[in-house]
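Asker:
In our numbering, the protein residues as written are 14 to 202.
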């Protein structure tokens, strides 16, 4: 897979390794995430998640039909359903479309009705995970993003400077800019 955001649609040369040509693909599944050559999560990854969650929702509806207590249903939701859609949420949560966010939130709302208590949606969970991950990156000196954040620190204020980015929405909606905005909002003016 070749990730290329240039406007010119030029075909790169065929790559070969040890005499065999390397197959070019438009999307690739890596560690349970579907990546495509435009780094959008809309088609394959969200559809994969919805299918996986629907199977688990069927099991939850069956448990509910057996009059299982809401506490056990909540444990089932958190361990079997919530863990699936929260996996790598910081990687894809900022860059999915509102339509896909609504599709996932509909499933979460359906689970909330079955359990009887309100569950947090994709957007709220994403925003709550941002400061935690930012703190992890900030305190771990060996983390690959630590130096990037250290360069953005405004020493006297404790705030972080937003890095410059392109006019496309892909980068401003990614983890670093959103985490910096979240961090800076915690300061009172």
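We put the beta carbon where it would ideally sit given N, CA and C, even for glycine.
Pick helix, strand or coil for residue 42, following the three-state DSSP scheme.
Answerer: strand
Asker: For residue 128, count neighbouring C-beta atoms within 10 Å of its own C-beta (all shown protein chains included) and say buried if the count is 16 or more, exposed if not.
Answerer: buried
Asker: Within its chain, find whatever has a CB closer than 8 Å to the CB of residue 87; leave out the 5 residues flanking it on each side and keep chain order.
Answerer: The residues 128 and 130, in chain order, have a CB closer than 8 Å to that of residue 87 in the same chain once the five nearest residues on each side in sequence are set aside.
Asker: If you draw a straight line from the C-alpha of residue 159 to the C-alpha of residue 153, how long is it?
Answerer: 7 Å
Asker: Determine the DSSP secondary structure at residue 90, reduced to helix, strand or coil.
Answerer: helix
Asker: How is residue 161 classed by DSSP in three states: helix, strand or coil?
Answerer: helix
Asker: Let me check understanding here. Comparing Cα to Cα, which of 161, 101 and 137 lies closest to residue 195?
Answerer: 137
Asker: What are the residues that DSSP puts in a beta bridge with residue 47?
Answerer: 42
Asker: Tell me, to the nearest whole angstrom, how far the beta carbon of residue 70 is from that of residue 120; I am working on the premise that it is less than 8 Å.
Answerer: The pair is a contact, with the Cβ atoms about 6 Å apart (cut-off 8 Å).
Asker: Apart from the five residues just before and just after residue 197, which ones in its own chain have a Cβ nearer than 7 Å to its Cβ?
Answerer: 172 and 173
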